[in-house]
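Chains as they are written, first to last, in my numbering: chain U, 1 to 73; chain X, 1001 to 1372. For glycine and all other residues, C-beta sits at the position ideal for the given N, C-alpha and C.
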Amino acid sequence: MNTRIAKRLLTVALVALAAAALLGLTGCATEQLKAEAGQVSCAGCHTDRELLKADLAATPLPVVEKAESSGEG
Amino acid sequence: MPPVEADLAALVSLEFFDTTHGKMDCRDCHGGVKFAANRTEAHEGMDPLPSAKYAESVCAPCHDDMTSTFATNMHADTSAVSGATDALVLERATDVETVKMGLANNCATCHVSGCGDCHVSRPQFNGGGFVRGHVFYAEPNSSLNCMGCHGSRIEKEYTGKGESEKTTLTADVHWSPGGMQCVDCHTVEWMHGGEEYASRYESPEAPQCTDCHEIDKSIEMHAEHALPDSEVYLQCQVCHAQDYNNCSSCHVAKDAKDLPYYETESSGFDLNIGRNYAQDDSRPWDYIVVRHVPVAESTFDFYGKDALGKLDALPTWKYATPHSIQRVTRQTKDGCDSCHGNRDIFLTEDDLAGLSDLERKANTDVLVTDIP
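Structure, rendered in structure tokens:
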């Protein structure tokens, strides 16, 4: 009886371990989207168009100056 | 190509996170700060173009078979075309240092900015911007990647955007019905380098019409002109190219703010058949189509007068492989009479009117003096 319970517990533990490993492997996206309150993360900003828009409107990217060429290059 | 809006350019799709690259931490490739208070802080130490430097880039550990050879490909530095040390134009230079200065400031800056220019974003030359929300793709998008840089000749010719005073132009037959992509002919073997070569036509991987097409010997014109033992052997494009873009007189300089720019005097679609001035085993034809390139004696005058004193070292009407192919063209529609006796379709003295003595001399071997 005790052996059967131990085996079941072991199976459950192994399944849980496998699931955790799987989540670990595939969970990057979720992880990358998470950030503490008041903080920003790479994916948190770069997956939200409205946020990007607002941020770029508040702080526009520096303009790279280019001379005007004419004709076909 | 108009630039993509700044927010869209940097917008990562959720689809990306289901891909192999999306499962990596952003910082693995880009550096930067994982959680930060604001954009400036988050981007500290961040590299927006981590695929530059090819063999030493972040791509190398997994894609070494491609990154290790890419430096030998002309897309890496456009070496023979506009590179400051080995550009073809240096053969025309009497003042080499002056020309090198112009090349370094104005021309040699044109090259891809890393693997990402073809496999994740539009070329930086066009201002960049993700094509598919940061999802990587093996085959570059013809319109958004290749034509981002190859716009004035290839895009206009291939997609039928050009206009000719002599004929109505349509898109290249390879583009219009089936939408053949650039990479269908310009294979990965060529794009990723390996063998070093001095010009794009010298690559052993350069595409040939005969890679796909067997010459139909039952067609009379093919028997006359398309076989190696034909009495007069023609490059396929002599009959099957539509008019293509030719440019004249490009000048490079810097403006008051020291920023480089160029001015091309004119450009226009036309087609000229010339004699094959560089006949060899890889270009065995007697006649070829020739494109005018915009070099002039005064191209580098901003940096030093008359630096191209040997303009005649190479023709200014050069061997061309236009991307404007059709079965029926103005060279074939009226049979033999389309070309035979048609002075306008050949490169003749008439085309050299108004040019300098040196440029006229440059094209001596290309000119057709006796119209067939």
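Query                                                                                                                                                        : Result
Rounded to whole angstroms, what is the Cα-Cα separation between X/S1082 and X/D1018?                                                                        : 40 Å
Looking at X/C1313: is its Cβ nearer than 8 Å to the Cβ of X/R1092?                                                                                          : Reading the sequence as shown, one finds Ala at residue 1313 of chain X and not Cys. Contact: yes.
Taking 8 Å as the CB-CB limit, is U/A29 close to chain X?                                                                                                    : The predicted model places U/A29 with a pLDDT of 47, which falls under 50 and marks its position as unreliable; any figure quoted below should be read in that light. Interface residue, yes.
I'd like to know if X/L1014 contacts chain U, where contact means its C-beta is closer than 8 Å to some C-beta of that chain.                                : yes
Identify whether X/W1190 lies in helix, strand or coil by the three-state DSSP scheme.                                                                       : helix
Considering only their Cβ atoms, is the gap separating X/V1295 from X/C1250 smaller than 8 Å?                                                                : yes
With three or more C-beta pairs closer than 8 Å as the rule, is the region 1127-1144 of chain X touching the region 1203-1213 of chain X?                    : no
Any contact between the region 1328-1338 of chain X and the region 1296-1310 of chain X? By contact I mean 3 or more CB pairs, one from each, below 8 Å.     : no
With a CB to CB cut of under 8 Å and the five nearest residues on each side skipped, what residues in its chain are close to X/L1008?                        : G1129 and F1130
By Cβ distance, which residues of its chain are closer than 6 Å to X/L1049, with the 5 residues on each side in sequence left out?                           : S1113 and G1114
Given this structure, state the Cα-to-Cα distance separating X/P1140 from X/M1221, to the nearest angstrom.                                                  : 37 Å
Scan the region 1262-1284 of chain X for residues whose Cβ lies nearer than 8 Å to a Cβ of chain U and list them as they occur along the chain.              : Y1262, E1263, T1264, E1265, S1266 and S1267
Using beta carbons (cut-off 8 Å, strictly below), is U/A160 in contact with chain X?                                                                         : Nothing can be reported for residue 160 of chain U: it is not among the residues displayed for chain U, which extend from 1 to 73.
Note down, in chain order, each residue of its chain lying with its Cβ closer than 8 Å to the Cβ of U/L22, except the 5 sequence neighbours on either side.  : Low confidence applies to U/L22: its pLDDT is 40, below 50, so where it sits in the model is not reliable, and the reading given next is rough at best. Result list for U/L22: empty, nothing under 8 Å.
Near X/D1286, what residues of its chain come up, given a Cβ to Cβ distance below 8 Å and the 5 sequence neighbours on each side ignored?                    : V1232, Y1233, L1234, R1275, N1276 and Q1279
I'd like to know whether the C-beta atoms of X/T958 and X/Q1242 end up nearer to each other than 8 Å.                                                        : With chain X running from 1001 to 1372 in the structure shown, residue 958 of chain X is simply not present.
If the criterion is Cβ atoms closer than 8 Å, does the pair X/H1240 and X/I1325 meet it?                                                                     : yes
Is the separation between the beta-carbon of X/P1315 and that of X/V1366 shorter than 8 Å?                                                                   : yes
Provide the residue(s) that pair with X/R1275 in DSSP beta bridges, ordered along the chain.                                                                 : X/Y1287
Taking the Cβ atom as the reference point for each residue, do X/Y1261 and U/S69 lie within a distance shorter than 8 Å?                                     : yes
Using 8 Å as the limit for Cβ to Cβ distance, is X/N1145 near chain U?                                                                                       : no
Does the structure place the region 1193-1206 of chain X close enough to the region 1061-1073 of chain X that three or more beta carbon pairs sit under 8 Å? : yes
Write down the C-beta distance between X/F1035 and U/Q39 rounded to the nearest angstrom, noting that I regard them as a contact closer than 8 Å.            : 4 Å
Looking at the secondary structure, which residues open and close the beta strand (DSSP E) in which X/P1260 lies?                                            : P1260 to D1270
Please say whether X/A1307 and X/T1098 have beta carbons closer to each other than 8 Å?                                                                      : yes
How is U/S70 classed by DSSP in three states: helix, strand or coil?                                                                                         : strand
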